[in-house]
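*Asks:* In terms of the numbering used here, the sequence shown opens at residue 29 and continues consecutively. We put the beta carbon where it would ideally sit given N, CA and C, even for glycine. Keep in mind the model is a prediction, meaning the values are calculated, not measured.
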Amino acid sequence: MKAIVYERYGPPDVLDLKEIAKPTPKDDEVLIEVYATTVTSGDARMRALRVPAGMELFARLSLGVFGPRRQILGFELSGVVSAIGKSVTRFEVGDPVFGTPGLGLGCYAEYRAMPEGGVLARKPENLTFEQAAAMCFGGTTALDFFRRGKLQSGERLLVNGASGSVGTAAIQLAKHFGAHVTGVCSTENLELVLSLGADAVIDYKREDFTRNGETYDLIMDTAGTASFSRVKGSLNKGGRLLIVTGRVSDMLAAPWVNATTDKRIVADMAGEKAEDVRLLAELAKTGKYVPAIDRTFPLKRIAEAHAYVDEGHKKGNVVITVGGGSAT
Ligand SMILES: NC(=O)c1ccc[n+]([C@@H]2O[C@H](COP(=O)([O-])OP(=O)(O)OC[C@H]3O[C@@H](n4cnc5c(N)ncnc54)[C@H](OP(=O)(O)O)[C@@H]3O)[C@@H](O)[C@H]2O)c1
29 MKAIVYERYG
39 PPDVLDLKEI
49 AKPTPKDDEV
59 LIEVYATTVT
69 SGDARMRALR
79 VPAGMELFAR
89 LSLGVFGPRR
99 QILGFELSGV
109 VSAIGKSVTR
119 FEVGDPVFGT
129 PGLGLGCYAE
139 YRAMPEGGVL
149 ARKPENLTFE
159 QAAAMCFGGT
169 TALDFFRRGK
179 LQSGERLLVN
189 GASGSVGTAA
199 IQLAKHFGAH
209 VTGVCSTENL
219 ELVLSLGADA
229 VIDYKREDFT
239 RNGETYDLIM
249 DTAGTASFSR
259 VKGSLNKGGR
269 LLIVTGRVSD
279 MLAAPWVNAT
289 TDKRIVADMA
299 GEKAEDVRLL
309 AELAKTGKYV
319 PAIDRTFPLK
329 RIAEAHAYVD
339 EGHKKGNVVI
349 TVGGGSAT
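1. Within 10 angstroms of its Cβ, does Pro152 collect 16 or more other Cβ (buried), or is it exposed?
2. Between Glu303, His341, Glu219, Arg75, which lies nearest to Arg175 when the distance is taken from Cα to Cα?
3. Using beta-carbon positions only, say whether Phe126 and Phe165 come within less than 8 Å of one another.
4. Under 8 Å between the Cβ atoms of Ile330 and Tyr139?
5. Does ligand 1 have a heavy atom nearer than 7 Å to the CB of Arg323?
6. Measure the C-alpha to C-alpha separation of Phe325 and Lys301 and round it to an integer number of angstroms.
7. When DSSP builds the beta bridges, which residues end up paired with Thr349?
8. Could you have a look at Leu105 and say whether DSSP puts it in helix, strand or coil?
9. Are there 16 or more other CB atoms within 10 angstroms of the CB of Lys178, so buried, or fewer, so exposed?
10. Excluding the five sequence neighbours on either side, which residues of its own chain have a C-beta within less than 8 Å of the C-beta of Arg73, listed in chain order?
11. Determine the DSSP secondary structure at Gly130, reduced to helix, strand or coil.
12. Just list the residues that DSSP pairs Tyr244 with in beta bridges.
13. Gly195: which of Asp44, Ala141, Gly344 sits nearest, CA to CA?
14. Per DSSP, Pro124 is paired with what?
15. Where does Glu219 sit, in a helix, a strand or coil, going by DSSP?
16. Among all the DSSP beta bridges, which residues are the ones paired with Ala295?
17. Let's see if you can read the secondary structure: which residues bound the alpha helix (DSSP H) around Met74?
18. Give the secondary structure of Arg239 by DSSP, where H, G and I count as helix, E and B as strand, and everything else as coil.
19. Put His334 into one of helix, strand or coil per three-state DSSP.
20. Under the rule that 16 or more other beta-carbon atoms within 10 Å means buried, what is Glu84, buried or exposed?
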């Protein structure tokens, strides 16, 4: 089968289209013919080993010291079940599915085997395979941070970086949970963020949300510009700063801030759960959560897609089509 392989960290041209062995599903696995995947900010960061200052050693220890241990990127997929292991009962050959192997990666390939009990669900009929491929990265990250930050109905949430993959998912999901949502984005993305259901928008190029007198119960930072020292005055008593990306110093300070102030920092790697993707699928069926798609590229042009994502200004998600002959 065809797959995109990278053997060293670096610019987009480290990504090579190669022929590799097609996986055989184990007894509890389904083999998925991949129709679409995405280039997430995480894929681009892992490819380039682009990590916050002070984290490179830790990143190399977890991803591979001299080069990537997992040489096929791709965090999420949609496709069709093409074979099942002996003990599989939840899925049948021909089922359209979407899901994520998480940091197991490996979705930049024509086939990916996943356990039937993994983070995998049936594709909602009203979504295209391109949309379904983009369900998980932003969606599971937002759900995990809202769970850890204990987002409640009626609370005021500000999403800094509202136009990216996590931001566009966070707005829709927070509205579903009954929050009042303010999105911070650049001028050209104001319409997009409002169209996703935000109650208010702030153009970060014209206004500093920390200086307008408004306060929030939660601030979610997906842009890395909302340090605790900058935003603490914008947090209500009991307020939580959800650091999806940010400074290592804030992450290290979290236990101290949480123990000594009336505010909290939540900073961690998001986890993915099967129940979360099932919730995302349910919400997608009723149009409450529809992944925003920016651009779509075929697999053979994946380096171009990575270069675009490297610019740091994608709107929602960048999709890669794999099936239907587009891999060649
Ligand atoms: N902790 C975790 O487990 C976890 C999980 C997922 C992602 N992440 C990290 O979270 C970050 C966001 O991920 P993503 O996939 O959503 O990224 P993304 O799709 O690339 O979006 C980033 C967004 O940030 C906006 N932005 C840039 N500068 C800004 C500023 N000064 N103020 C407000 N917005 C600004 C950009 O919009 P403009 O074009 O308008 O500037 C862009 O839409 C990445 O660094 C990613 O690695 C962490």
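*Replies:* Result, derived from the coordinates:
1. buried
2. Here the closest residue by C-alpha is Glu303.
3. One thing to note: Phe126 has its Cβ no nearer than 8 Å to the Cβ of Phe165.
4. no
5. no
6. Approximately 28 Å between the Cα atoms of the pair.
7. Ala64, Pro326
8. strand
9. exposed
10. Excluding residues within five positions, the ones whose Cβ falls inside 8 Å are Val79.
11. For Gly130, the secondary structure class from DSSP, reduced to helix, strand or coil, is helix.
12. Leu263
13. Gly344
14. Val108
15. helix
16. Ile271
17. 69-76
18. helix
19. helix
20. exposed
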